[in-house]
Amino acid sequence: MELQRNAQAGTFESSDIMILIEPLKNKQGRKIEISSSVMLQYGDMLSELVNNILDKYEIENVHLIAKDKGALEPTIIARLETAITRALNQQKGTLL
Amino acid sequence: MKTKRRTMLYIPGNNPAMLQQGGIYGADSLLLDLEDAVALNEKDSARILVKNMLNSISYYNTEVCVRVNHLDTPFGIEDLETIVPLQPDAIRFPKTETVKELKKLIDIIESIENKHNLPHNKMTIHAMIETALGVQNVFEIAKFSKRVDAITIGGQDLTADMNIVNAKDGSGIDLARKMIVMAAKANNIDAIDTVFVDVNDEEGLRLETEYAKKIGFTGKAVINPRQIDIIHEVYTPTEAEIRRAFRIIKEFKKNKDAGIGVFAIDGKMVDAPVVARARHTLDLAEIKY
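Residue numbers (the numbering used here), protein chains in the order written: chain D, 1 to 96; chain C, 1001 to 1289.
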């Protein structure tokens, strides 16, 4: 799916993750930048999770920045889902 | 024995740290809030976060309720579409004013449940009374459906609706409190008191909880985990009360076998209502008799 606009979700609070998404032009691929307070321990898992969610939404051309403050998996998935639906202009039931 | 609802702790729906720790605070019930605790431009974010948390986090034996937005807002329907399929223990519906809107809510919930092949008798509904009109209609609201198993009072919104100062002595909402309790008792459901907003005033919280207990509230909403122990203390019978309740039950059984319905303990009459209160005391203390 093609992203429509820049979007973000999450916060810089502890146990949360901030996701920023920027659409890239066709065939530019995925440019993913992850930083985390637990990068050494969970960096690989975080990267795999981000790619899995992008796969689920069939997003191939994206610049994604993730700044993690020790979020659990359900939080990471939720923030990615929110940022992606916002970037796709598919968010529902909000005043955004 | 019914689920105890001495404390219902509000957890802001867009706060991952509090959502993931909800089960460890010791409250009887958690209120994952999609309504007032969430900014209007983060409603989608909170809804998706609560959905993922409900799918993954264990809240142990704590009852889990989700407060959705009202159906008159642009958020209410989407909240129900997302949360109802996950079947938390209860949905809390804010600003319930009429039976008509309660019927609309239940119709929507049951049509979502039908779509997902879910039963209609698992998840209950807590109707929140937060306006003068809601207070006037509370008896009808409480008796409308078996799914409504608790009525709660929202003191902040009620005082705003009545255009009065939310006095610390609660005088402005005292009639509403008592009408809500009476409606709940008449329908054998729980009545939950409003929050105590000054988290630093522990003595004030204790006094207000003692009053709420005295007039019949089953429990109290909580905005900070620090308030939980104080409310539980108020709602937990003292050793003297438990000893007396035991004596009453024991004497009642003995007299019943002898065909006597009314008797005295320490010069005070004991009849069926006193025995019922003794049973309630032992239930609160989680003691089998």
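Positions of the beta carbon are idealized from the N, C-alpha and C atoms, including for glycine.
When we look at the beta-carbon of serine 36(D) and count the other beta-carbons within 10 Å, is it buried (16 or more) or exposed? As a working note, residue 36(D) is residue 36 in the first sequence. Looking at its Cβ environment, which holds 16 or more other Cβ atoms inside 10 Å, serine 36(D) is buried.
How about the segment 1017–1029 of chain C and the segment 1213–1230 of chain C: do they share at least three Cβ pairs that are nearer than 8 Å? Yes, since at least three Cβ pairs between the segment 1017–1029 of chain C and the segment 1213–1230 of chain C fall closer than 8 Å, the two stretches touch.
Runs of beta strand (DSSP E) wholly within the segment 1125–1182 of chain C (minimum 3 residues, chain order): Restricting attention to beta strand (DSSP E) runs no shorter than 3 residues, the segment 1125–1182 of chain C encloses them at 1148–1153, ordered along the chain.
Quick one: what does DSSP say leucine 88(D) is sitting in, helix, strand or coil? For the purposes of this step, residue 88(D) is identified with residue 88 of the first sequence, where counting begins at 1. In the three-state reduction of the DSSP assignment, leucine 88(D) falls in the coil class, being assigned neither a helical nor a strand state.
Please classify asparagine 1014(C): does DSSP put it in a helix, a strand, or coil? Residue numbering aside, residue 1014(C) sits at position 14 when the second sequence is read from its first letter. Secondary structure at asparagine 1014(C): coil, using DSSP grouped into helix, strand and coil.
Proximity below 9 Å, CB of valine 1181(C) to CB of leucine 1158(C): Taking the second sequence and counting its residues from 1, the one referred to as residue 1181(C) is at position 181. Taking the second sequence and counting its residues from 1, the one referred to as residue 1158(C) is at position 158. When the beta-carbon positions are compared, valine 1181(C) and leucine 1158(C) stay at least 9 Å from each other.
Chain D within 9 Å of lysine 1095(C), Cβ atoms only: Position 95 of the second sequence, counting from 1, holds the residue named residue 1095(C). No, no contact with chain D.
Is there a Cβ from chain D that is less than 9 Å from the Cβ of glutamate 1035(C)? By one-based count along the second sequence, residue 1035(C) stands at place 35. In terms of beta-carbon proximity, glutamate 1035(C) stays away from the interface with chain D, with every pair separated by 9 Å or more.
Proximal residues of chain D, C-beta to C-beta of aspartate 1044(C) below 8 Å: The residue you call residue 1044(C) lines up with position 44 of the second sequence. Under the 8 Å cutoff, chain D gives Thr82, Thr85, Arg86, Gln91, Lys92, Gly93, Thr94 and Leu96.
Please decide whether aspartate 44(D) counts as near chain C, where near means a Cβ-Cβ distance under 9 Å. Position 44 of the first sequence holds residue 44(D). No, no contact with chain C.
Nearest-angstrom Cα distance between methionine 1179(C) and methionine 1269(C)? Start at 1 with the first residue of the second sequence, and residue 1179(C) comes out as number 179. Start at 1 with the first residue of the second sequence, and residue 1269(C) comes out as number 269. Methionine 1179(C) and methionine 1269(C) have their C-alpha atoms spaced approximately 30 Å apart.
Return the residue from the list Ala1191(C), Gln1087(C), Asp1028(C) and Gln1020(C) that minimises the CA-CA distance to threonine 1236(C). The sequence position of residue 1236(C) within the second sequence is 236, counting from 1. Among Ala1191(C), Gln1087(C), Asp1028(C) and Gln1020(C), the Cα nearest to that of threonine 1236(C) belongs to Asp1028(C).
Which same chain residues end up closer than 7 Å to arginine 1147(C) when comparing Cβ atoms and leaving out the 5 residues on each side of it in sequence? Counting from one through the second sequence, the residue named residue 1147(C) turns up at place 147. So the list reads Ile1106, Thr1124 and Ile1125, once near-sequence residues are dropped.
Contact list for alanine 1017(C) against chain D, beta-carbon separation under 8 Å: If you number the second sequence from 1, residue 1017(C) lands on position 17. The contacting residues are Glu13, Ser14, Ser15 and Asp16.
Identify the continuous beta strand (DSSP E) that holds phenylalanine 12(D) and give its terminal residues. Position 12 of the first sequence, counted from the start, is the residue given in the question as residue 12(D). Judged by DSSP secondary structure, phenylalanine 12(D) falls outside any beta strand (DSSP E); it is assigned neither H nor E.
Whole angstroms is fine: what's the gap from lysine 27(D)'s alpha carbon to glutamate 58(D)'s? Position 27 of the first sequence, counted from the start, is the residue given in the question as residue 27(D). Position 58 of the first sequence, counted from the start, is the residue given in the question as residue 58(D). So the two alpha carbons sit approximately 13 Å from each other.
Evaluate contact between the segment 1091–1099 of chain C and the segment 1057–1072 of chain C, counting only Cβ atoms and requiring at least three cross-stretch pairs below 8 Å. Yes, since at least three Cβ pairs between the segment 1091–1099 of chain C and the segment 1057–1072 of chain C fall closer than 8 Å, the two stretches touch.
With 9 Å as the threshold, decide whether the Cβ of arginine 5(D) is near any Cβ in chain C. In the first sequence, residue 5(D) corresponds to position 5, counting from 1. Arginine 5(D) does not count as touching chain C.
Would you say arginine 1067(C) lies against chain D (beta-carbon separation less than 9 Å)? What you label residue 1067(C) is simply residue 67 of the second sequence in a count that begins at 1. No, no contact with chain D.
Is the shortest distance between the beta-carbon of isoleucine 77(D) and the beta-carbons of chain C less than 9 Å? Stepping through the first sequence from its first residue, residue 77(D) is reached at position 77. Closer than 9 Å: yes.
Please list the residues of the segment 1055–1086 of chain C that have a C-beta atom closer than 9 Å to any C-beta atom in chain A, keeping them in chain order. Of the protein chains in the structure, D and C, none is chain A.
7 Å Cβ cut-off: residues of chain D touching methionine 1053(C): Here residue 1053(C) refers to the residue found at position 53 when the second sequence is read from its first residue. Here the neighbours are Pro74.
Beta-ladder partner(s) of arginine 1067(C), from DSSP: On the second sequence, residue 1067(C) is found 67 positions in, with the first residue counted as 1. Bridge partners of arginine 1067(C): Asp1033(C) and Arg1092(C).
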